[in-house]
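Colleague: Numbering (this note's numbering), first residue to last: -12 to 133. For every residue, glycine included, the Cβ atom is placed at its ideal position computed from N, Cα and C. My questions will all concern the structure given below.
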């Protein structure tokens, strides 16, 4: 029932020196990862703007009337992937932009993953040095260290 969950047999260790010295920005996708297969499958409109709904699960939980299928799966016919989800509290490395560092300085610094951006594509991470929460897209995770 769960697709997209990576299965690993061996222990995946992350070299801290590599993350501090070799981290780079992630590229933006050239095109959308999902495209409509037939007319009117995906419609973008801006008639009245976003609306606040009372749904906490956002159609990702099974319903009694659908017999062990989420409303998302029933509507689209695709399974909901979870490969993009990360472990809360995991150690991560956030990239320092090249404009804010010198040539011989570290490329990233350690943070703790606390959540996802609400309206932006990015991860919310806690920086223990400055004691602030930062929203960043260029984050590499070390889920084995937490």
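When you compare only the Cα positions, how much space is there between residue 122 and residue 64?
Modeller: Taking the first residue of the chain shown as 1, we reach residue 122 at position 135. Taking the first residue of the chain shown as 1, we reach residue 64 at position 77. Residue 122 and residue 64: Cα-Cα distance of roughly 33 Å.
Colleague: Can you find the residues in the same chain that come closer than 6 Å, C-beta to C-beta, to residue 132, ignoring five residues on each side of it along the sequence?
Modeller: The sequence position of residue 132 within the chain shown is 145, counting from 1. Correct list, in chain order: 78.
Colleague: Which residues does DSSP pair with residue 79 in a beta bridge?
Modeller: On the chain shown, position 92 is the one that residue 79 refers to. 98 and 128, per the DSSP bridge assignment.
Colleague: Alpha carbon to alpha carbon, how far is residue 75 from residue 100? Give it in angstroms, no decimals.
Modeller: To locate residue 100, count along the chain shown from 1; it is residue 113. To locate residue 75, count along the chain shown from 1; it is residue 88. If you take the alpha carbons of residue 100 and residue 75, they lie about 6 Å apart.
Colleague: Taking just the CA atoms, how far does residue 95 sit from residue 87?
Modeller: Position 100 of the chain shown, counted from the first residue, corresponds to residue 87. Position 108 of the chain shown, counted from the first residue, corresponds to residue 95. When the Cα atoms are used, residue 87 and residue 95 turn out to be separated by approximately 11 Å.
Colleague: Would you tell me roughly how many angstroms separate the C-alpha atoms of residue 125 and residue 23, rounded to the nearest one?
Modeller: One-based indexing of the chain shown puts residue 125 at position 138. One-based indexing of the chain shown puts residue 23 at position 36. One C-alpha to the other measures close to 28 Å.
Colleague: Among residues of its own chain, excluding the 5 on either side of residue 104, which ones have a beta-carbon nearer than 8 Å to its beta-carbon?
Modeller: Counting from 1 along the chain shown, the entry for residue 104 is found at position 117. The answer, listed in chain order, is 110, 111 and 122.
Colleague: With DSSP collapsed to three states, give me the class of residue 91.
Modeller: Here residue 91 refers to the residue found at position 104 of the chain shown. Three-state DSSP puts residue 91 in coil, outside helix and strand.
Colleague: From what residue to what residue does the alpha helix (DSSP H) around residue 58 run?
Modeller: Taking the first residue of the chain shown as 1, we reach residue 58 at position 71. Boundaries of the alpha helix (DSSP H) harbouring residue 58: 58 to 63, taken from the DSSP string.
Colleague: Tell me the DSSP bridge mates of residue 121?
Modeller: In the chain shown, residue 121 corresponds to position 134, counting from 1. In DSSP, residue 121 forms a bridge with 112.
Colleague: Restricting to Cα atoms, I'd like to know which of 73, 93, 89 and 72 is closest to residue 82.
Modeller: In the chain shown, the residue the question calls residue 82 occupies position 95. For the residues 73, 93, 89 and 72, the minimum Cα distance to residue 82 belongs to 93.
Colleague: Using the Cβ count rule (16 or more neighbours within 10 Å means buried), how would you classify residue 117?
Modeller: The residue labelled residue 117 in the question sits at position 130 within the chain shown. The C-beta of residue 117 has fewer than 16 other C-beta atoms within 10 Å across all chains shown, which makes the residue exposed.
Colleague: How many angstroms separate the CA atom of residue 107 from the CA atom of residue 52?
Modeller: Along the chain shown, read from residue 1 onward, the residue named residue 107 stands at position 120. Along the chain shown, read from residue 1 onward, the residue named residue 52 stands at position 65. Their backbone Cα atoms lie some 33 Å apart in a straight line.
Colleague: Please go through the same chain and pick out, in chain order, the residues whose beta-carbon is closer than 7 Å to the beta-carbon of residue 127, but skip the five residues on each side of it.
Modeller: Position 140 of the chain shown, counting from 1, holds the residue named residue 127. If we look at residue 127 and ignore the five residues flanking it on each side, its Cβ neighbours are 6, 10, 79 and 80.
Colleague: Judging by CA-CA distance, which residue of 84, 55 and 102 is the nearest neighbour of residue 12?
Modeller: Counting from 1 along the chain shown, the entry for residue 12 is found at position 25. Taking each of 84, 55 and 102 in turn and checking the Cα distance to residue 12, the smallest one comes out for 84.
Colleague: Buried or exposed, going by whether 16 or more other CB atoms sit within 10 Å of the CB of residue 98?
Modeller: Looking up residue 98 in the chain shown gives position 111. When all chains shown are included, residue 98 counts as buried.
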